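Q: Would you mind keeping the following structure in view while I ask a few things?
Rendered as structure tokens:
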């Protein structure tokens, strides 16, 4: 029998330690990621489905899956899948990220 | 001078360095707005809508089901429709209600990711998305439940439901004993988020703490 190879997200039935029941309040940026997902997957737009988001997360690979936090995986997948679909290009994302970073850094510098 | 009145987009994190992922998030939002995928207004409304979601919606439905057997039947048949009756929006992804009985205790998990009846309960807690909860709940549910302080007697069957992107679940906990005659609003306060996930039971009525009197006054 061929041994079933699990992808990193497929956790059902594995052994693990005790459930850590501590909770954190969602950070504003995490809620913003969530809102992007809601909007692009809503009935009006239907650009992307929840399954596609998850497939994008699976495609991040085992090491990345474990390194990133929950919403870090989401925004990485969302960006990749929207690039795949041609909604945005990787160049546009790269340039816009530079813009945002420059703007935020400038904002920091003028803070007292 | 006016420059000093500009604020970073996320003032609450201004003391910590922003991450690449936060930058990516903002970049993607701005690009999608420029491309008119959604407007700034639609984005703001969506943020507010999500902030407004809480377990209170699910709790309201459970309390109604406890006092109205006909509603319970409709809720089990179609949660999304039953939500509308109470002016709640359960969204377009089907949700199935799992009724706890003296013989069966239900608990939900998403082993693959974090599918959750968020339209009725809000965002899932961290542990719901954790490796430990996702891997072990289908393997040793009674032990996981015990970690939440929920001991299920051996003669009660434990059913674990693995949610997917297209079908989510919400547990309908059992009405706690001694709650006859309580108002629907008071009953709803006994329905915790964790009882809607199935890792705990609905709160027992704590008469010693004057809970009943306090709740009824509100």
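Protein chains in written order, with this note's numbering: chain A, 325 to 436; chain B, 72 to 289. Note that CB positions come from ideal geometry on N, CA and C, so glycine has one too. Just so it is clear, the structure is predicted and the values come from calculations on it, not from any experiment.
1) Over the uninterrupted alpha helix (DSSP H) stretch that includes residue 230 of chain B, give me the two end residues.
2) Against residue 407 of chain A, what residues of chain B qualify as contacts under a CB-to-CB distance less than 9 Å, listed in chain order?
3) So, is residue 171 of chain B buried or exposed, given that buried needs 16 or more other C-beta atoms within 10 angstroms?
4) In the DSSP assignment, find the alpha helix (DSSP H) that holds residue 267 of chain B and state where it starts and stops.
5) Please classify residue 422 of chain A: is it buried, with 16 or more other beta-carbons within 10 angstroms of its beta-carbon, or exposed?
6) For residue 338 of chain A, which of helix, strand or coil comes out of DSSP?
7) Could you confirm whether any beta carbon from chain A is found closer than 8 Å to the beta carbon of residue 133 of chain B?
8) Taking the straight line between their C-alpha atoms, what separation do you get for residue 120 of chain B and residue 112 of chain B?
9) Quick one: does residue 200 of chain B have its CB under 8 Å from some CB of chain A?
10) Mind pulling the chain B residues with CB within less than 8 Å of residue 347 of chain A?
11) Using a Cβ-Cβ cut-off of less than 8 Å, list which residues of the segment 252 to 267 of chain B approach chain A; keep chain order.
12) Mind listing which residues of the segment 97 to 116 of chain B have their C-beta closer than 8 Å to chain A's C-betas, in chain order?
13) Per DSSP, what are the beta-bridge partners of residue 175 of chain B in this structure?
14) Mind pulling the chain A residues with CB within less than 9 Å of residue 271 of chain B?
15) Below 8 Å between beta carbons: does that hold for residue 157 of chain B and residue 131 of chain B?
16) Look up residue 166 of chain B in the DSSP assignment and give the residues it is bridged to.
17) Can you give me the C-alpha to C-alpha distance between residue 254 of chain B and residue 127 of chain B, rounded to a whole angstrom?
18) Decide if the segment 212 to 230 of chain B is in contact with the segment 360 to 380 of chain A; the criterion is three or more beta carbon pairs, one per stretch, under 8 Å apart.
19) Measuring only the C-alpha atoms, how far is residue 289 of chain B from residue 230 of chain B?
20) Helix, strand or coil for residue 374 of chain A, going by three-state DSSP, please let me know.
21) Inspect the CB distances between the segment 192 to 208 of chain B and the segment 333 to 350 of chain A and report whether three or more fall short of 8 Å.
22) I need the DSSP call for residue 388 of chain A, collapsed to helix, strand or coil.
23) So if DSSP puts residue 180 of chain B in a beta bridge, which residue, or which two residues, is it bridged to?
24) By the DSSP assignment, the alpha helix (DSSP H) with residue 222 of chain B in it spans what residues?
25) Under the assumption that residue 375 of chain A contacts residue 161 of chain B (Cβ atoms under 8 Å), give the Cβ distance between them as a whole number of angstroms.
26) Using a beta-carbon distance below 8 Å, is residue 396 of chain A in contact with chain B?
27) Using Cβ-Cβ distances below 7 Å, what residues of the segment 181 to 194 of chain B are close to chain A?
28) Looking at C-alpha atoms only, which residue of A/372, A/415, A/392, A/344 is the closest neighbour of residue 102 of chain B?
29) Would DSSP call residue 92 of chain B helix, strand or coil?
30) Going by DSSP in three states, residue 104 of chain B sits in which element: helix, strand or coil?
31) For residue 77 of chain B and residue 95 of chain B, what's the separation of their Cα atoms in angstroms?
32) Can you have a look at residue 343 of chain A and say buried or exposed, based on whether 16 or more other CB atoms are within 10 angstroms of its CB?
33) What residue range is occupied by the uninterrupted alpha helix (DSSP H) comprising residue 123 of chain B?
A: Concretely, from the data shown:
1) Careful: residue 230 of chain B lies outside any alpha helix (DSSP H), inside the beta strand (DSSP E) at 228 to 233.
2) Within chain B, no residue comes near residue 407 of chain A; the closest Cβ sits about 10 Å away, beyond 9 Å.
3) buried
4) 264 to 268
5) exposed
6) coil
7) no
8) 12 Å
9) yes
10) 196, 197, 198
11) none
12) 97, 98, 99, 100, 101, 102, 103, 106, 108, 109, 113, 114
13) B/228
14) The premise fails here: residue 271 of chain B is roughly 11 Å from chain A at the closest Cβ pair, so nothing lies under 9 Å.
15) yes
16) B/239
17) 15 Å
18) no
19) Bear in mind that the predicted position of residue 289 of chain B carries a pLDDT of just 36, short of 50, making it too unreliable to give a figure here.
20) helix
21) yes
22) helix
23) B/233
24) Residue 222 of chain B -> no alpha helix (DSSP H), and no H or E assigned at all.
25) So it is not a contact: roughly 20 Å between Cβ atoms.
26) yes
27) 182, 183, 184, 194
28) A/415
29) helix
30) helix
31) The predicted model places residue 77 of chain B with a pLDDT of 47, which falls under 50 and marks its position as unreliable; any figure quoted below should be read in that light. Between residue 77 of chain B and residue 95 of chain B, the C-alpha separation is close to 21 Å.
32) buried
33) 111 to 123
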